[in-house]
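Residue numbers (the numbering used here), protein chains in the order written: chain A, 1 to 244; chain B, 1001 to 1406.
Printed below as a string of structure tokens:
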């Protein structure tokens, strides 16, 4: 596939994620451990994918690679048509800001900062004008149902609300990919249900969603489930009950 | 990402830990204030020395009997010494031979105690002289009148006294017109001299001046002069005046070739140079102490910023994960450090300016304007320099590790 040329071609035809032969090795020589052992993966625009696996399966490593938070030992990674496997940390942070919306297990909001300011922050780093980013942040907070709590700081919000602020922060930058790492890990069942409904909504609106989880009921809301073990993909199939 | 945005982040960062911000600021503030105050004290003391020397009269020279130096050589020549006389004084007043000498006054000094009733006072300066002395020694009167050439000619028993002597003898009452007994002789006080202040260990106001003729007639007898005070026409001509008087006295005393002079000349200007050199050393020392405290304040900034970076590792990770470029993080922490030092510097300047209004260790501080700008400028540089290391550590944190940090 002539990927380099594809960058400038029709945007909606190219996959959001294309990973080829990703290897992540820790240590050297005999003592080395393969966290990722030749993973290849393609995710098209508009997909809703769950990546599952027990701890130590390499799913967190894969999440870090997909999220451009870590670099792989060898292999290639095209994110939204741009090869980022050879980029340095400084360029990666710009790519993260523009292409990826993160949702973490522990919310990772900036402490002592209002919900609105938290949602605006990634746009601030992108250089979007204050007026525009305020408007976009308000819309995003409305979408997640927190339009009336924009001036609350993280400590004044429940876990479910904090996670929804994080979703708003991820959405406001209009990323190519929404990447959620164990998003329901710290939530009660009611908040979990609300959040998963929100993901359905977001995906229905056309956004690509990738969820890393070890919980079956979370994974079964996705349209495609990838299972990992020992740094390899062991199964990759469509979720019959959702696609049908 | 505009700079203003980053400044806002930095200010918010500082506000989240007010106590720490305040304490760090205090460190820099103390450093800057002490630089300003200590340099002002040094400057003030050198100004004070200069002022007291100015009061003594910088364009005056003093000629004393005896060669320079002490010890066997000075004593050996004592036998062949000619004393200073009134005739020497008159010769020095010769305008054609000594055009740079304005006026000359002879001094006969003695030690004596003055008594008024039960009050006694031993003036540290008890001189017999004539009116040229006033200007040459920078002496003026605040009350009463000077004794005149007529008083000298008639050897009248009149005296000028200094403030210290007046207080000791007459308390708070007006001394003018009153009588006192000095070395057994009765004098009428006709004038009170203006306050001179202390110079060195000597109280310039413990003073009794009487006509030289009265001194010789009644107290000391017709002896040699203690010294001659010579006033140059200007402070810039003191050196010329000194060489003129040396030439005249050499000729009169037969000093030629290798014969050592039997008189020595004391120059107030050279005293001034010595005094200001020592006060400069003093100022430099104070400045160094202050600079060290500023440096310690700077290290305080590094310390606090390092703690801040560690404490906010996770926050830095989040910022990087959501797209903060390295430069934005670096700038944010650098600005935080700079604001700390800027704030501390500004408060230090205010503190220094206020502190310099008080008298410190007997010295009225005089602010050196350059020290204010220097201290303020250095404090900002310290912020950038000492904040640079923690900032670059923050900027080079890897997001994946920073996010995992608890």
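A virtual CB, placed ideally from N, CA and C, is assigned to each residue, including glycine.
For residue 203/A, no beta strand (DSSP E) segment is defined; the enclosing uninterrupted segment is the alpha helix (DSSP H) at 189-204.
Remark: C-beta atoms of residue 1284/B and residue 1031/B do not approach each other more closely than 9 Å. Under the three-state reduction of DSSP, residue 1112/B is assigned to coil, being neither helix nor strand.
Counting the other Cβ atoms within 10 Å of the Cβ of residue 1004/B gives fewer than 16, which makes it exposed. Exclusion of the five residues before and after residue 1066/B leaves no residue of its chain whose Cβ lies closer than 6 Å to its Cβ.
None of the residues of the region 50-61 of chain A has a beta carbon lying less than 9 Å from any beta carbon of chain B. Shown in chain order are the members of the region 1010-1025 of chain B whose Cβ falls below 8 Å from a Cβ of chain A: 1012, 1016. About 5 Å separates the Cβ atoms of residue 1334/B and residue 1387/B, confirming a contact at the 8 Å cut-off. Setting aside the 5 residues that flank it on each side, residue 44/A is surrounded in the same chain by 15, 16, each with a C-beta closer than 7 Å to its C-beta; the list follows chain order.
Following the DSSP letters along the chain, one finds residue 1192/B inside the beta strand (DSSP E) bounded by residues 1185-1193.
Apart from the 5 residues on each side of it in sequence, residue 1129/B sits with its Cβ closer than 7 Å to the Cβ of 1105, 1106, 1107, 1209, 1212 in its chain, given in chain order. By the rule that beta-carbons nearer than 9 Å mark a contact, residue 1403/B touches chain A. Closer than 9 Å to the CB of residue 174/A there is not a single CB belonging to chain B. Contact annotation for residue 1324/B against chain A: 93, 125 [CB-CB distance below 7 Å, chain order]. Shown here, residue 1223/B sits in coil according to DSSP, grouped into three states, outside any helix or strand.
When secondary structure is reduced to three states using DSSP, residue 1326/B falls in the helix class.
Taking a cut-off of 8 Å for Cβ pairs, the region 68-80 of chain A and the region 137-152 of chain A do not touch, as fewer than three such pairs fall below it. Using a Cβ-Cβ cut-off of 7 Å, residue 1005/B is close to 124 of chain A, given in chain order. With a contact defined as Cβ atoms closer than 8 Å, residue 49/A and residue 222/A qualify at about 6 Å. The contact set of residue 89/A on chain B, defined by CB atoms closer than 9 Å, consists of 1320, 1326, 1396, 1398, 1399 in chain order. Look at residue 1088/B here: in three-state DSSP terms it is helix. Looking from the CA of residue 53/A, the closest CA among 83/A, 46/A, 63/A belongs to 63/A.
Taking C-alpha positions only, residue 1311/B is separated from residue 1320/B by approximately 16 Å. If you draw a straight line from the Cα of residue 1405/B to the Cα of residue 185/A, it is about 18 Å long. Inter-residue distance for residue 200/A and residue 117/A is about 26 Å (C-alpha atoms, whole angstroms). With respect to residue 1160/B, residue 1139/B sits close: the two C-beta atoms are nearer than 9 Å. A Cβ-Cβ contact shorter than 9 Å links residue 1367/B with residue 1356/B. Taking the CA atoms as reference points, residue 1082/B sits about 30 Å from residue 1274/B. The C-alpha of residue 36/A lies about 32 Å from the C-alpha of residue 1309/B. Note on geometry: alpha-carbon atoms of residue 227/A and residue 1401/B lie some 25 Å from one another. Contact note: residue 1315/B reaches chain A through 110, 111, using a C-beta cutoff of 8 Å and chain order. Residue 70/A belongs to the set of residues whose beta carbon lies under 9 Å from a beta carbon in chain B.
Cβ proximity to chain B below 9 Å picks out 169, 170, 173 from the region 143-176 of chain A. The region 153-171 of chain A makes no contact with the region 77-86 of chain A, as fewer than three CB pairs between them are under 8 Å. In the three-state reduction of the DSSP assignment, residue 1177/B falls in the coil class, being assigned neither a helical nor a strand state. Of all residues in the region 202-227 of chain A, none comes within less than 9 Å of chain B when Cβ atoms are compared.
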